[in-house]
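Following: one structure in structure tokens, then a few remarks.
Protein chains: 4
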Amino acid sequence: MATTLLKLSCPDRVGLLARISNFVAAHGGNLEEVHQFTDQSEGWFFARLAVETQTLNVDLEAIKATFRPLAAELEADWSIRSAETKPRVVLMVSKLGHCLADLLWRWRSGELSFDIPCVISNHETYRDLVEREGLPFFHMPVTPETKADAFDRMDAIWREMRADLVVLARYMQVVPMDLCAKWPNRIINIHHSFLPSFVGANPYQRAHQRGVKLIGATCHYATESLDEGPIIEQEVTRVEHFHSEADLLRLGRDCERLALARGLRYHLADRVLVRGNRTIVFRD
Amino acid sequence: MATTLLKLSCPDRVGLLARISNFVAAHGGNLEEVHQFTDQSEGWFFARLAVETQTLNVDLEAIKATFRPLAAELEADWSIRSAETKPRVVLMVSKLGHCLADLLWRWRSGELSFDIPCVISNHETYRDLVEREGLPFFHMPVTPETKADAFDRMDAIWREMRADLVVLARYMQVVPMDLCAKWPNRIINIHHSFLPSFVGANPYQRAHQRGVKLIGATCHYATESLDEGPIIEQEVTRVEHFHSEADLLRLGRDCERLALARGLRYHLADRVLVRGNRTIVFRD
Amino acid sequence: MATTLLKLSCPDRVGLLARISNFVAAHGGNLEEVHQFTDQSEGWFFARLAVETQTLNVDLEAIKATFRPLAAELEADWSIRSAETKPRVVLMVSKLGHCLADLLWRWRSGELSFDIPCVISNHETYRDLVEREGLPFFHMPVTPETKADAFDRMDAIWREMRADLVVLARYMQVVPMDLCAKWPNRIINIHHSFLPSFVGANPYQRAHQRGVKLIGATCHYATESLDEGPIIEQEVTRVEHFHSEADLLRLGRDCERLALARGLRYHLADRVLVRGNRTIVFRD
Amino acid sequence: MATTLLKLSCPDRVGLLARISNFVAAHGGNLEEVHQFTDQSEGWFFARLAVETQTLNVDLEAIKATFRPLAAELEADWSIRSAETKPRVVLMVSKLGHCLADLLWRWRSGELSFDIPCVISNHETYRDLVEREGLPFFHMPVTPETKADAFDRMDAIWREMRADLVVLARYMQVVPMDLCAKWPNRIINIHHSFLPSFVGANPYQRAHQRGVKLIGATCHYATESLDEGPIIEQEVTRVEHFHSEADLLRLGRDCERLALARGLRYHLADRVLVRGNRTIVFRD
Chain A
2 MATTLLKLSC PDRVGLLARI SNFVAAHGGN LEEVHQFTDQ SEGWFFARLA VETQTLNVDL
62 EAIKATFRPL AAELEADWSI RSAETKPRVV LMVSKLGHCL ADLLWRWRSG ELSFDIPCVI
122 SNHETYRDLV EREGLPFFHM PVTPETKADA FDRMDAIWRE MRADLVVLAR YMQVVPMDLC
182 AKWPNRIINI HHSFLPSFVG ANPYQRAHQR GVKLIGATCH YATESLDEGP IIEQEVTRVE
242 HFHSEADLLR LGRDCERLAL ARGLRYHLAD RVLVRGNRTI VFRD
Chain B
2 MATTLLKLSC PDRVGLLARI SNFVAAHGGN LEEVHQFTDQ SEGWFFARLA VETQTLNVDL
62 EAIKATFRPL AAELEADWSI RSAETKPRVV LMVSKLGHCL ADLLWRWRSG ELSFDIPCVI
122 SNHETYRDLV EREGLPFFHM PVTPETKADA FDRMDAIWRE MRADLVVLAR YMQVVPMDLC
182 AKWPNRIINI HHSFLPSFVG ANPYQRAHQR GVKLIGATCH YATESLDEGP IIEQEVTRVE
242 HFHSEADLLR LGRDCERLAL ARGLRYHLAD RVLVRGNRTI VFRD
Chain C
2 MATTLLKLSC PDRVGLLARI SNFVAAHGGN LEEVHQFTDQ SEGWFFARLA VETQTLNVDL
62 EAIKATFRPL AAELEADWSI RSAETKPRVV LMVSKLGHCL ADLLWRWRSG ELSFDIPCVI
122 SNHETYRDLV EREGLPFFHM PVTPETKADA FDRMDAIWRE MRADLVVLAR YMQVVPMDLC
182 AKWPNRIINI HHSFLPSFVG ANPYQRAHQR GVKLIGATCH YATESLDEGP IIEQEVTRVE
242 HFHSEADLLR LGRDCERLAL ARGLRYHLAD RVLVRGNRTI VFRD
Chain D
2 MATTLLKLSC PDRVGLLARI SNFVAAHGGN LEEVHQFTDQ SEGWFFARLA VETQTLNVDL
62 EAIKATFRPL AAELEADWSI RSAETKPRVV LMVSKLGHCL ADLLWRWRSG ELSFDIPCVI
122 SNHETYRDLV EREGLPFFHM PVTPETKADA FDRMDAIWRE MRADLVVLAR YMQVVPMDLC
182 AKWPNRIINI HHSFLPSFVG ANPYQRAHQR GVKLIGATCH YATESLDEGP IIEQEVTRVE
242 HFHSEADLLR LGRDCERLAL ARGLRYHLAD RVLVRGNRTI VFRD
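Going down the list, the protein sequences come from chains A, B, C and D.
So for the first sequence, the working numbering puts the first residue at 2; every next one is plus one.
So for the second sequence, the working numbering puts the first residue at 2; every next one is plus one.
So for the third sequence, the working numbering puts the first residue at 2; every next one is plus one.
So for the fourth sequence, the working numbering puts the first residue at 2; every next one is plus one.
What follows is the structure in structure tokens.
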């Protein structure tokens, strides 16, 4: 059963939900799922409506055209798309492949619905893993000297591949600020700590030294400020005194896998709305 | 800021959300919070709308009167009430007072908003605890011989006290089936296991014998079937081989406190809707 | 750094820990890690000692020979082995491959240390997944008519493969009672519910119908009683009213992966001791 | 059944566990519970032994005298005490009483075993709550001008009360560095964030602004560095976009209650050993 997704955020006003649901009803749309949130302190309205496509009496382009003037009046950020159109996601990885392997499984088994135009790495480590899935693997080394050039080429490839999203699946190079700025809310990173704890390098080592009793991972949009982008999802697990730093790395991997897979899932289904540095996540 | 709460459930149909939000908008109502859920498999619609009272251009009785014909047309179960009207909750307890003490604190500190017309117990254990809060304490012993009579009197007291809700806060007598039937979705119980595991007596003992690695507690509506009513909230905690049965009782107490306090909170704010044996819980 | 593992359980008595640690010290053994637990109610003692192999002044066979009379005196169940000897684990799967894929990754990346002599399935679904890892894949169909024969052959293969352990990684056939009895504490199953809730078939469907607020998975030893063997590990996750049965299956998969991977990890490192229907798990 | 507790930490060496368990066995001591941990990277040994008092063939003073030379040889930090001797704990609170009320219940119900010589507050808010428990309540206002004096008097009272431990149960004044230094590992604080996230003031406000998806609380020893002392216990809970800052405060209270109650429990039973800025916690 096909679904049409309407996502929008705009300044709050009286009667907003009525207007939007009237709009859908006026086109015969049967609502499968509705999420709505009003941030009272900011006076901002967020919504996601999943409409049964076959009940709509107009096609996708027509409904977008009809919604445009209403959206303009509401000063809304919005999108309408078919849930069946798979987003194109470029995966980036370095030498730790657990998140990559996890995403490949969820992709291949159909748990997550997206296309993978290519996997890019600054190492050759996972070429086989990727190619045996029938996916293109690009090795793009990054050195301090070549970094600027390498990321320019990366940007070019992402565009060439018509990527809707880039996932840094334990990609251990810091993406340059200007590149993040060019792909706003379109680069997802998994950070191996429970942010804002342990921003930056070696979070597990620092967690071990600090003697914390819980460690975690954070799935967030990459922005110009390192590890400070909008958080989509976090996961934690308990640790004890007998866990060495190596144990923390091991236990943390499961947090990373889960936080990234869930964060990606929400993004792919248009369940994440961003306002400033906060996310509204209409979970499923 | 005063709030008016509209809660309803009814058969699903196209345009339902539009009609309800139009209704609110037509009376000038500004929506503070909206929850909506459609159970696709059952074809049933559930909603809770929190409306800023001062924006409404009619009073509570008038809006109820206006909504009545619409509700009838929609074949809806519904209620409209002022969020500031505190529900009247009778607390029942036996010899384990941790849930009672927890609820009394949350009540006195204002974390939970309700009135306590009285506390009833089949033991004298907590008379002091209750009376020093300035609350009436009724000792109503229950023996196998007097049980039927005792619960008839209980029912009478509940009605006399104009109770909106009865909370079995570790009340260790089984409430008779017919009494449960007379107070549908108005008796909340905390069961000391993770239902449906360990229905019935001595769940911690049985959990220990079974060697489970997690124990829990379940907050549910009491129905005619013991421990089988609609579940509102559950909580679990990890246990290990070194935890004795006494440890399980201790650890379980925190699960019980949390599950009951949260379940009660949701109920008090009209956030729980029941359909068959399942609950829709619009959490806050 | 090589490690020698001593695991034992026996009736408790005064001075037991002293005798065992004296035994290790007498052979020069430096203790890396010691776990000890006394079940006071049963009067039973459990221990696991990890000894730095290079500090021992005798070899593995000699230390076993020396320990034998002491163990006999203590009436102990015991084992001494090199931690570097990888257990041989046969994996069994049916049509749901998420646990299999997860274990293959943890095996290949070295997170879990074991050998896989073969993977057996009653379906062809995962032949490619397995063979591309360079592992033998055996398709052994099971029908009601052939079931007895099939499991006789299974048993033969397990023995032929010198399996130390069999893992039912979402293998959807019930292993016959007599076969479980022949492989005591050597068959690990992942059950897709939070046992003892939802023993038997279709646990997610029943969890959905019951309206529970948490679902889970249980890693346990298979015994003659279905889903009633000693529990090694459990994992749970929250669900809400908006999660369909399909959502429960999806969310449950992550519980299954985690509970099985952890349970297997503990078993492989001799961290699980069984007494009756309970496990002592010295986690790492 | 009375218990004698031996707690020690010392440099690791071969045969250490044998020597200590021999010591206990030599005095006829039956071990109820043994915990041992060797920090391999630091070469440090930690142990806690619970011995059945009635099986010891000498009294407490005698066993301490006998252990002294061994401890000296091992260069150990150590203590031997009767588990039945209740530690004396001064509770400190400001205007938020949820942790205080929680501890008072656990104390009165016997869940936690300690004596309360007095409760001290910089406000009068909880005088009644404390005095109706029959406990002395001291109001000690703290202003910027009087702070130094006030804490000198606090120190005097703590000593006068023969306090073994001071618990800052949401006491909102920063204890001066020198006072922390005088009471090493004898002042327990509950910080209302998941440290090291949000060190300092207003952690919930900052958590809300950062848009984290989990909040928490940390129970730790107060040291000369604000919020940087050894962590004993932490607790977290999930939050979502619809949770306001006020919701975070509410949800956080349950984290604070649990983390503090558990941390205190471990400390009271000599289950916490400190080395540098890390704790070894032998949980029960």
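Built from N, CA and C at the ideal position, the CB exists for glycine as well.
Quick caveat: nothing in here was measured; it's all calculated off a predicted structure.
What does the alpha-carbon distance come out to for the pair residue i and residue j?
i: C/L196; j: C/A260; result: 12 Å
i: C/R20; j: D/C256; result: 43 Å
i: A/E209; j: A/L92; result: Per the sequence shown, the amino acid found at residue 209 of chain A is His instead of Glu. Cα-Cα distance, rounded: 29 Å.
i: A/R133; j: C/F138; result: 18 Å
i: B/R254; j: D/A84; result: 23 Å
i: C/E161; j: C/C220; result: 26 Å
i: C/P118; j: C/T86; result: 14 Å
i: C/A63; j: C/A51; result: 17 Å
i: A/R69; j: A/H36; result: 20 Å
i: B/Q174; j: B/V131; result: 20 Å
i: C/M141; j: B/V240; result: 39 Å
i: D/V90; j: D/D271; result: 14 Å
i: A/N203; j: D/C181; result: 30 Å
i: C/A102; j: A/E112; result: 14 Å
i: C/S198; j: A/P12; result: 47 Å
i: D/R279; j: A/Y222; result: 33 Å
Using a Cβ-Cβ distance cut-off of 8 Å, determine whether residue i contacts chain C.
i: D/S42; result: no
i: B/N1; result: As displayed, chain B neither begins before 2 nor continues past 285, which places residue 1 of chain B out of reach and without an answer.
i: A/E234; result: no
i: A/S226; result: no
i: A/H99; result: yes
i: B/S198; result: yes
Residue i CB to nearest chain B CB: under 8 Å?
i: D/H140; result: no
Which whole-angstrom value is the C-beta distance of residue i and residue j, which I expect to be below 8 Å?
i: B/L298; j: B/I216; result: Since the first and last residues shown for chain B are 2 and 285, residue 298 of chain B lies out of range.
i: B/D78; j: B/L166; result: Going by Cβ atoms, the distance from B/D78 to B/L166 rounds to 17 Å, so no, they are not a contact pair.
i: C/E234; j: C/R263; result: 5 Å
i: A/F243; j: D/F38; result: 6 Å
i: B/L15; j: A/A26; result: Strictly speaking, residue 15 of chain B in this sequence is Val, with Leu absent from that position. Indeed they touch by this definition, with Cβ atoms about 6 Å apart.
i: B/N31; j: A/N23; result: 17 Å between Cβ atoms; not a contact.
i: A/I81; j: A/L17; result: 17 Å between Cβ atoms; not a contact.
Is the shortest distance between the beta-carbon of residue i and the beta-carbons of chain A less than 8 Å?
i: B/L18; result: yes
i: C/D248; result: yes
i: D/I204; result: The question names Ile, but residue 204 of chain D is Pro in the sequence shown. Chain A contact via Cβ: absent.
i: C/R251; result: yes
i: C/A102; result: yes
For a test of your reading of the model: does the CB of residue i fall under 7 Å from any non-hydrogen atom of the ligand HEM? Yes or no.
i: A/I158; result: For the structure depicted, the ligand HEM is absent and the ligand set is empty, with no information on it obtainable.
Compare the C-beta of residue i with all C-beta atoms of chain D and state if any pair is closer than 8 Å.
i: A/V213; result: yes
i: A/H193; result: no
i: A/P12; result: no
i: A/E241; result: yes
Inset, instruction - Flag this pair as touching only if the stretch 225-240 of chain B and the stretch 182-191 of chain B have three or more C-beta atom pairs under 8 Å; answer yes or no. - result: yes
Inset, instruction - Give a yes or no on contact between the stretch 268-278 of chain A and the stretch 3-12 of chain B, applying the rule of three or more CB pairs nearer than 8 Å. - result: Fewer than three Cβ pairs drawn from the stretch 268-278 of chain A and the stretch 3-12 of chain B lie within less than 8 Å of each other, which leaves the two stretches out of contact.
Legend entry - Within 8 Å of chain A by C-beta, residues of the stretch 116-136 of chain C in sequence order: R133
Legend entry - Meets three-Cβ-pair contact criterion under 8 Å: the stretch 57-77 of chain B and the stretch 104-115 of chain B: no
Legend entry - Three-pair Cβ contact test at 8 Å for the stretch 113-124 of chain D versus the stretch 95-102 of chain D: yes
Legend entry - Within 9 Å of chain C by C-beta, residues of the stretch 148-176 of chain B in sequence order: none
Inset, instruction - Please list the residues of the stretch 255-281 of chain C that have a C-beta atom closer than 7 Å to any C-beta atom in chain A, keeping them in chain order. - result: Cβ contacts with chain A: D255, L259.
Inset, instruction - Could you please tell me which residues of the stretch 19-39 of chain B, in chain order, have their CB closer than 8 Å to any CB of chain C? - result: Correct list: F38.
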